[in-house]
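Undergrad: In terms of our numbering, the sequence shown opens at residue 150 and continues consecutively. In this text, a Cβ means the ideal position worked out from N, Cα and C, and glycines have one as well. Since the structure is predicted, the reported quantities are computational estimates derived from the model, not experimental observations. Please find one structure pasted underneath; my questions will follow.
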Amino acid sequence: MRLIIFSVFISFLLLGCSTKPSTLQSVAKVDIEKYSGDWYEIARYENRFEKDCIGARANYTPKGSSIEVINTCFNAEGKKIAQAKGSAYATQDSHNAKLRVSFFWPFYGNYWIILLPSDYRYAVISEPKKEYLWILAREKTLLSSDKKEILDFLHVNGYDAQKLFWTQLDKLP
150 MRLIIFSVFI SFLLLGCSTK PSTLQSVAKV DIEKYSGDWY EIARYENRFE
200 KDCIGARANY TPKGSSIEVI NTCFNAEGKK IAQAKGSAYA TQDSHNAKLR
250 VSFFWPFYGN YWIILLPSDY RYAVISEPKK EYLWILAREK TLLSSDKKEI
300 LDFLHVNGYD AQKLFWTQLD KLP
């Protein structure tokens with residue numbers, strides 16, 4: 150029985166580590182000092198780890214060769230219902246645009262910054278398989294021109310805008 154369980158575990162591990170070539174591109178370079186600080190989650194693809202979260206805020210703080218990540222989730226009343234602390238590091242030769250993030254060692258996930266204007270007022274985050282997607286901004290709202298630019302970018306890059314959950318940031322502190 151242990152052998153079967155171990156075999157299943159190894160199979161899942163190997164499947165999780167195998168990657169098909171991705172056409173997804175990250176931005177060319179990210180200045181971590183400029184990127185650090187608070188971000189509001191404007192929209193996301195729904196995921197299991199943000200269940201019941203109608204709004205979220207993220208904070209990124211450089212700590213030596215890594216980045217401390219604190220994600221805070223809020224309910225419909227604007228009350229904090231969850232907080233996750235993790236760390237991230239840039240992958241080799243990614244110029245800080247492709248990060249690996251962990252909230253539970255030794256498990257890491259991809260965090261690719263795929264759209265970022267020069268003033269860092271918003272960011273679009275995904276990963277090679279395009280299963281996860283976040284739109285973040287420095288303010289609780291996006292300019293309509295920024296929203297259009299982001300949605301056009303997502304369409305061109307094969308994302309389904311119908312899958313986006315738009316957060317309710319008006320209730321966040």
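Would you check whether the ligand SAM has a heavy atom nearer than 7 Å to the C-beta of Glu288?
TA: Although the ligand SAM was asked about, the structure shown includes no ligands whatsoever.
Undergrad: So the beta strand (DSSP E) Ile274 belongs to, where does it begin and stop?
TA: Residues 271-275.
Undergrad: Measure the alpha-carbon distance for Ile274 versus Asp180 and round it to whole angstroms.
TA: One C-alpha to the other measures close to 15 Å.
Undergrad: Are the beta-carbon atoms of Glu326 and Tyr189 separated by less than 8 Å?
TA: For the chain, the structure presents residues 150 to 322; residue 326 sits outside this window and is missing.
Undergrad: When the Cα atoms are used, what is the spatial distance from Ser175 to Asn224?
TA: Spanning the two alpha carbons is a distance of roughly 31 Å.
Undergrad: To the nearest angstrom, how far is the alpha carbon of Phe256 from that of Pro322?
TA: Straight-line Cα distance between these residues: approximately 31 Å.
Undergrad: Is the distance from the Cβ of Ser214 to the Cβ of Ser236 below 8 Å?
TA: No.
Undergrad: Which word fits Leu292, buried or exposed, when buried means at least 16 other C-beta atoms lie within 10 angstroms of its C-beta?
TA: Exposed.
Undergrad: With H, G and I counted as helix, E and B as strand and the rest as coil, what does DSSP make of Asp319?
TA: If DSSP states are grouped into helix, strand and coil, Asp319 belongs with the helices.
Undergrad: Just verifying my parser: in three-state terms, what is the DSSP assignment at Lys297?
TA: Lys297 falls in the helix class under three-state DSSP.
Undergrad: Considering Cα atoms alone, identify which of Ser251, Pro277, Lys278, Asp295 is closest to Asp268.
TA: Selected option, being the one with the closest Cα: Asp295.
Undergrad: Measuring CA to CA, which of Asp187, Ala177, Ala205, Ala239 is closest to Thr316?
TA: Checking every option, the nearest Cα to that of Thr316 belongs to Ala205.
Undergrad: Could you compute how far the alpha carbon of Asp187 sits from the alpha carbon of Val218?
TA: Using only the alpha carbons, I get a separation of about 10 Å.
Undergrad: Mind checking Lys212: buried by the 16 CB within 10 Å criterion, or exposed?
TA: So Lys212 ends up on the exposed side.
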